[in-house]
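Here's the structure we're looking at; comments come further down.
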Amino acid sequence: MPSSSSPSKRPEVSVLDAAEAARVVAREIAELVRSKAARGERTVLGLATGKTPMGVYRELLRLHREQGLSFARVTTFNLDEFVGLRPDDPRSFRAWMRRELFDHVDLDPAHAHVPDGSGSPTTLDRECERYRERIRAAGGLDLQLLGIGKNGHIAFNEPGSSRDSRMRVVELAPTTRASLAAEFGALERVPIHGLTLGVADVLAARAIRLLAFGEGKRAILERALQAPIGPDVPATFLREHADVRWIADAAAAGHSR
Ligand code: GLP
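Here you go:
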C-alpha cells in the first residue's frame, strides 16, 4: 500500500533530544486518548519494549499522575515476546511492560495484550491467529510506537522479513540475541525464538511513530531512510506508510550540535 508521497524520497526526520521526543509522542498519545474517550471510543495503542520507548512511558505516567490522563478507555497490543518464557517470567516483555507502564496506570489488564510465547510451536501458531484476531476485533491499531534494531529490525522482524509477513514465530538474529545477553545473564540463556507481529501487521497501524536515539542507531537509521525498500532492512518498509513520523536525537540523525 504505497503512500501518496514517493517512498523513494528520503523521509524527513524530526530531530529532538530524547526527553523532548518523549514529551511530543506522549502528548500526541494523550490527545488521541482524550479525544476518542470524549466520543466514547477506545484508543488502540501498539506498544514496544526496549530502551527507546521508556521515556514515552515515563511521560505517560507523569501525565496520568499529574494531569489525570486516564487509560480506562485504552487497549494496548505489544509487538512481540520471547518464545519459551512464561508471561510472569521477569525477563518477559509482559513483565517489562507491567514494570514500566501497566502496573502504574488505570489500564484494565484485560485490555493490555502481550503475545504469550509460553506455548509449543503448534499452539503458538494458534496464539498468532488469536492475537491478530483480537487486534482486528479492537478495530486495528490507532498508533504504533516503534524502535529500530541495530540490524534494521522492527519488532522481531529480522532482516529477510517480507513486506507481507504476518504475526509468526521467528528465529532471533545473532546480533539481536547478543544485544540481550546482559539482560539474560549470558548469551546461551537468551531465547532463540520470538513471537512477533509481522511487517504487514505493523504497517496496518493507522499511524506509526518511530524513535531512534544515540550514536549506536545512526548507521541503521541512515539505511532505513535511504536504502532500497526491501527485506534486507525491514525498517525501510515504513517508508511506504502514509502516516509515519521518524523522530531521532541529533546523534542518531547524524547532526552535529
Ligand atoms: C528489541 C525489540 C524491538 C526494539 C529493539 C531496539 O529487539 N524487539 O521492538 O525496537 O530491540 O531496542 P532498544 O530500544 O533497546 O534499542
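Residue 44 in our numbering sits at position 13 of the sequence shown; the count goes up by one each step and never skips.
Beta carbons: idealized from backbone N, C-alpha and C, even for Gly.
From the options, residue whose alpha carbon lies closest to that of residue i
| i | options | result |
| --- | --- | --- |
| Ile-166 | Thr-83, His-272 and Val-145 | Val-145 |
| Ser-151 | Leu-138, Phe-113, Glu-271 and Pro-84 | Phe-113 |
| Arg-41 | Val-275, Ala-281 and Ala-282 | Val-275 |
| Asp-137 | Gln-98, Ala-238, Tyr-88 and Phe-102 | Phe-102 |
| Leu-211 | Val-46, Ser-123, Glu-97 and Ala-69 | Ser-123 |
| Arg-237 | Arg-130, Gly-171 and Glu-158 | Gly-171 |
| Arg-104 | Val-46, Leu-110 and Glu-62 | Glu-62 |
| Ala-143 | Cys-159, Thr-83 and Arg-129 | Arg-129 |
| Ser-149 | Pro-205, Ala-168 and Asp-111 | Asp-111 |
| Leu-94 | Gly-245, Asp-263 and Val-64 | Val-64 |
| Ala-281 | Leu-269, Glu-164, Gly-247 and Asp-263 | Gly-247 |
| Val-264 | Ala-68, Gly-245, His-286 and Lys-181 | Lys-181 |
| Lys-67 | Leu-78, Arg-89 and Thr-106 | Thr-106 |
| Glu-164 | Ser-192, Phe-108 and Thr-153 | Phe-108 |
| Ser-193 | Leu-234, Val-55 and Thr-83 | Leu-234 |
| Thr-154 | Gly-115, Ala-57, Pro-262 and Gly-245 | Gly-115 |
| Pro-262 | Ala-169, Pro-205, Glu-160 and Gly-191 | Gly-191 |
| Gly-289 | Thr-83, Leu-100, Arg-96 and Glu-160 | A query on residue 289 cannot be resolved here, the shown segment of the chain reaching from 32 to 288 and no further. |
Closer than 8 Å: residue i CB and nearest the ligand GLP heavy atom
| i | result |
| --- | --- |
| Ser-196 | no |
| Pro-84 | yes |
| Lys-248 | yes |
| Gly-115 | no |
| Asp-111 | yes |
| Gly-178 | yes |
| Lys-234 | The question names Lys, yet the displayed sequence has Leu at residue 234. No; taking the cut-off as 8 Å, the Cβ of Leu-234 has no heavy atom of the ligand GLP nearer than that. |
| Phe-187 | yes |
| Thr-207 | yes |
| His-272 | no |
| His-28 | With the chain covering 32 to 288 only, the question about residue 28 has no answer from this structure. |
Contact set for residue i: own chain, Cβ-Cβ below 6 Å, skip 5 residues either direction
| i | result |
| --- | --- |
| Met-203 | A small correction: the amino acid at residue 203 is Leu; Met does not occupy that position in the sequence shown. Answer for Leu-203: Gly-225, listed in chain order. |
| Gly-86 | Ala-49 and Ala-53 |
| Thr-267 | Ala-255, Ala-258 and Ile-260 |
| Gly-81 | Gly-178 |
| His-135 | Leu-92 |
| Ala-243 | Ile-179, Leu-252, Ala-279 and Ala-283 |
| Arg-70 | none |
| Glu-51 | none |
| Arg-117 | Ser-149 |
| Leu-132 | Tyr-88 |
| Met-32 | Note that Met-32 scores 48 on pLDDT, short of 50, meaning its location in the model is unreliable; the coordinates nonetheless yield the value given after this. Closer than 6 Å at the Cβ level, and outside the excluded window around Met-32, lies no residue. |
| His-286 | Val-46 |
8 Å Cβ shell around residue i - same chain, five flanking residues per side excluded
| i | result |
| --- | --- |
| Glu-59 | Leu-174 and Arg-240 |
| Val-44 | Leu-252, Leu-256, Trp-277, Ile-278, Ala-279 and Ala-284 |
| Thr-206 | Gly-180, Lys-181 and Asn-182 |
Cβ neighbours of residue i in the same chain (closer than 7 Å, five flanking residues each side left out)
| i | result |
| --- | --- |
| Ser-34 | With a pLDDT of only 45 at Ser-34, under the threshold of 50, the placement of this residue in the model should not be trusted; the figure read from the coordinates follows. Closer than 7 Å at Cβ, skipping near neighbours: Glu-271, His-272 and Ala-273. |
| Asp-120 | Ala-126 |
| Ala-209 | Leu-218 |
| Phe-215 | Arg-122 and Val-221 |
| Val-201 | Phe-187, Glu-189, His-224, Gly-225 and Thr-227 |
Cβ of residue i within 9 Å of any chain B Cβ
| i | result |
| --- | --- |
| Pro-265 | As a matter of chain content, chain B is missing from the structure shown, which is built from one protein chain. |
Worksheet item: Which runs of the beta strand (DSSP E), 3 residues or longer, sit entirely within the segment 52-88?
Response: 74-78
Worksheet item: What runs of the beta strand (DSSP E), each 3 residues or longer, lie entirely inside the segment 159-230?
Response: 174-177, 199-202 and 224-227
Discussion item. Does the segment 71-79 come into contact with the segment 196-215, if we say contact requires no fewer than three beta-carbon pairs (one atom in each stretch) closer than 8 Å?
Written reply: no
Item to complete: State whether the segment 173-189 contacts the segment 227-244, with contact taken as three or more CB pairs (one from each stretch) at a distance under 8 Å.
Response: yes
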